[in-house]
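S.K.: Line order of the protein sequences matches chains X and A.
Here numbering that gives the first Met the number 0 is used: the first residue of the first sequence is 0, the next is one more, and so on.
Here numbering that gives the first Met the number 0 is used: the first residue of the second sequence is 0, the next is one more, and so on.
My questions will all concern the structure given below.
Number of protein chains: 2
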Amino acid sequence: MSSASEKPAVVLLSGGLDSATALAVARREGFRCHALTIAYGQRHAAELAAARRVASSLGAVEQRTLELDLRAFGGSALTADIPVPLDRSVEAMNGGIPITYVPARNTVFLSLALAWAEVLESFDIYMGVNAIDYSGYPDCRPEFIAAFEQLANLATKAGVEHKGRFHIHTPLIQLSKADIIRLGASLGVDFSLTHSCYDPAPEGTACGRCDSCVLRRAGFETSGIADPTRYS
Amino acid sequence: MSSASEKPAVVLLSGGLDSATALAVARREGFRCHALTIAYGQRHAAELAAARRVASSLGAVEQRTLELDLRAFGGSALTADIPVPLDRSVEAMNGGIPITYVPARNTVFLSLALAWAEVLESFDIYMGVNAIDYSGYPDCRPEFIAAFEQLANLATKAGVEHKGRFHIHTPLIQLSKADIIRLGASLGVDFSLTHSCYDPAPEGTACGRCDSCVLRRAGFETSGIADPTRYS
Numbered sequence: 000m001s002s003a004s005e006k007p008a009v010v011l012l013s014g015g016l017d018s019a020t021a022l023a024v025a026r027r028e029g030f031r032c033h034a035l036t037i038a039y040g041q042r043h044a045a046e047l048a049a050a051r052r053v054a055s056s057l058g059a060v061e062q063r064t065l066e067l068d069l070r071a072f073g074g075s076a077l078t079a080d081i082p083v084p085l086d087r088s089v090e091a092m093n094g095g096i097p098i099t100y101v102p103a104r105n106t107v108f109l110s111l112a113l114a115w116a117e118v119l120e121s122f123d124i125y126m127g128v129n130a131i132d133y134s135g136y137p138d139c140r141p142e143f144i145a146a147f148e149q150l151a152n153l154a155t156k157a158g159v160e161h162k163g164r165f166h167i168h169t170p171l172i173q174l175s176k177a178d179i180i181r182l183g184a185s186l187g188v189d190f191s192l193t194h195s196c197y198d199p200a201p202e203g204t205a206c207g208r209c210d211s212c213v214l215r216r217a218g219f220e221t222s223g224i225a226d227p228t229r230y231s
Numbered sequence: 000m001s002s003a004s005e006k007p008a009v010v011l012l013s014g015g016l017d018s019a020t021a022l023a024v025a026r027r028e029g030f031r032c033h034a035l036t037i038a039y040g041q042r043h044a045a046e047l048a049a050a051r052r053v054a055s056s057l058g059a060v061e062q063r064t065l066e067l068d069l070r071a072f073g074g075s076a077l078t079a080d081i082p083v084p085l086d087r088s089v090e091a092m093n094g095g096i097p098i099t100y101v102p103a104r105n106t107v108f109l110s111l112a113l114a115w116a117e118v119l120e121s122f123d124i125y126m127g128v129n130a131i132d133y134s135g136y137p138d139c140r141p142e143f144i145a146a147f148e149q150l151a152n153l154a155t156k157a158g159v160e161h162k163g164r165f166h167i168h169t170p171l172i173q174l175s176k177a178d179i180i181r182l183g184a185s186l187g188v189d190f191s192l193t194h195s196c197y198d199p200a201p202e203g204t205a206c207g208r209c210d211s212c213v214l215r216r217a218g219f220e221t222s223g224i225a226d227p228t229r230y231s
C-alpha cells in the first residue's frame, strides 16, 4: 500500500515483464509510483491493457496512458508496415540493431517521464531497460542512461534548483532475462498479467516467434519458473 | 527552392519569430528542411496555423504537426488553467524561471525531432532557442543543448553507426531579440506570418502584454524594423 509519506517516482510501464519488474523494485524501494505508459502506435497495442493490469496489481497510485503516434515518423517494424523478424536465435539477435528498434524511442519516453516527474515534484524515474538480453538497442545501454540523467539535471527548473537530484533508476540493466524473471517473481510480479509479444494474434495471444517472445521464453526456461504466457 | 542534392534537416517550428528565423538560417545554410510542429495542448494554438504559413513561405519541403497533449501533465501557464503573467518588464522576466515554463518541453521536442531525423537519415536539427532574451527557461541554455547533442549520438542507431554526427544547430542562441529580427528580415522572413503571443484573443490577435509579446515588441522597437503584429 502506498502512503503519502513515500517519495514519488515515475515508472515507465510498457506492460512487458521488464517494466513490471522495475515497478515492483520501485515499490520495494519505498516509492509512491506513478506509472506512465505511452501509446505510440505500436503494433502490439495489447501491451497497453497489460500495463493497466500490472499497475493495479503492483500498487501504483495511478497509471496514465499518453497518446503519441510515432507512426507519423515510422522507420521501425513496430511503427510501420515492416514485418517483425521471426524465429531468430538469441545469438542472431546479438548481431546488430534490429528492425524493431524504434528511432529515439527511449529518449522520447524518458523525456515524457521527466516532464511528468517535474510536475509531480519527483526526482526519480524508473525504467526497465536491460543491456544484456537487450536485442541490441542503443538506448538501453548504461552510457545512454548516464547521459540522460545528466541532461535531466540541466533541462529542468527542478534540476537547476536542486542541482543533480534527478536519478534515472535502471535496476535491471545488468541482469539477464532469467534473473529479471527471478527478481520479479520474488517481488510478487504476476507475469500472466504482462505482455511481451511484438506481433500478437488479434485475441492477444503471443506469437512465440518474434525476438521478444524468444527472449522471454528462453528466460523462463533458464529461470526454472513456469512460463504463464499464452502462445498462439 | 529545395533540391534532392541538399542534405536533410529537421527544423523545430513553433510558428513564432525565433523558429521562423531558424528555418530561414537552415535554408540559407543549404539544408532541405522538414519542419516539425508539436501540438502540445498549448493555450496559444494560433501558433500552429502560423507554423504552416511560415513553413510554406520559407520553402520547407514539408511541415508536420504532431499531436502530444502535455495538458495530461500540466504544471505550466501554457498547458494548465494558470493565468499567464501580464505587463512584466524585461528586467522582471530575468528574475527567475516563469510560470510559462513547460516542464521538460524542449527535451521532449528535441527527442521527437531526433526520432524524425533518424528516420529521414538526417543528422542536423535546428532549433530557435535563445539564451539572451529567453525568459529564463533552463532548456534554452547552451549547456543544455550541448548535453542533448551528446545524448543524441548515444541514443540512436544512426549515432552509434556514424559516431558523433548529430548536430543540434541553435543559430540564435547568442542573439538578442532585436538581432534575431534583423537576421530574419535579412533572410526574407515575413514576420506578419508569425505568432508569438501566449494569450491571444479568439480571433488570433496578440495581447501585447504577456512576456512573449513584451519581448517581441521591444525587439522590434530596438531593431528599427516595423512591427507587423496585430495587437488586440
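The C-beta atom is built at its ideal place from N, Cα and C for all residues, glycine as well.
At a CB-CB cut-off below 8 Å, which residues of chain X make contact with A/R100?
M.R.: The sequence shown places Tyr at residue 100 of chain A, rather than the Arg named in the question. The answer, in chain order, is K156.
S.K.: Check X/I179 in the structure and name its three-state DSSP category.
M.R.: helix
S.K.: What does a CB cutoff of less than 6 Å around A/N275 pick up in its chain, not counting 5 residues either side in sequence?
M.R.: The requested residue 275 of chain A does not occur in the structure, where chain A is confined to residues 0 to 231.
S.K.: Whole angstroms are fine: how far does the CA of X/S13 sit from the CA of X/R63?
M.R.: 11 Å
S.K.: Considering only their Cβ atoms, is the gap separating A/I144 from A/L174 smaller than 9 Å?
M.R.: For the pair A/L174 and A/I144, the CB atoms are not nearer than the 9 Å cut-off.
S.K.: Buried or exposed for A/E61, please, with buried defined as at least 16 other CB atoms from any protein chain shown within 10 angstroms of its CB.
M.R.: exposed
S.K.: Have a look at A/V128 and X/A48 and give me their C-alpha separation to the nearest angstrom.
M.R.: 39 Å
S.K.: With 8 Å as the limit, tell me which residues of the stretch 132-150 of chain X have their beta carbon closer than that to any beta carbon of chain A; keep them in chain order.
M.R.: P137, D138, R140, E142, F143, A146, F147, Q149, L150
S.K.: Relative to the C-alpha of A/A184, which residue among A/F147, A/A225, A/G94, A/R42 is closest?
M.R.: A/A225
S.K.: In chain order, which continuous runs of the alpha helix (DSSP H) of length 4 or greater are located wholly inside the stretch 21-57 of chain A?
M.R.: 45-56
S.K.: Going residue by residue through the stretch 176-228 of chain A, where are the continuous alpha helix (DSSP H) segments of at least 4 residues, counting only ones entirely within it?
M.R.: 176-185, 210-222
S.K.: Tell me whether the stretch 92-110 of chain A and the stretch 109-126 of chain X touch, counting them as touching only if at least three CB pairs, one residue from each stretch, are closer than 8 Å.
M.R.: Enough Cβ pairs lie closer than 8 Å, so yes.
S.K.: Have a look at the DSSP bridge pairing and note the partners of A/A146.
M.R.: Paired residues: none, contrary to the question.
S.K.: How many angstroms separate the CA atom of A/Y125 from the CA atom of A/L119?
M.R.: 14 Å
S.K.: Any idea what DSSP makes of A/P84, helix, strand or coil?
M.R.: Looking at A/P84 - three-state DSSP - the assignment turns out to be coil, as it is neither helix nor strand.
S.K.: Work out the CA separation of A/R31 and A/A146 for me, nearest whole Å.
M.R.: 25 Å
S.K.: Which residues mark the beginning and the end of the beta strand (DSSP E) in which A/E66 is found?
M.R.: Counted as a single uninterrupted DSSP element, the beta strand (DSSP E) harbouring A/E66 occupies residues 61-66.
S.K.: Quick check on this structure: which residue in A/L57, A/T78, A/V53, A/P7 has the alpha carbon closest to the alpha carbon of A/G40?
M.R.: A/T78
S.K.: Do you know whose CA, among A/G58, A/T20, A/C209, A/R52, lies nearest A/H33's CA?
M.R.: A/G58
S.K.: Indicate whether at least one CB of chain X lies closer than 9 Å to the CB of A/F190.
M.R.: no
S.K.: Taking DSSP as the reference, what is the three-state secondary structure of X/L69?
M.R.: Helix at X/L69.
S.K.: For A/V248, does the three-state DSSP call read helix, strand or coil?
M.R.: No answer is possible for residue 248 of chain A: the residues shown for chain A start at 0 and end at 231.
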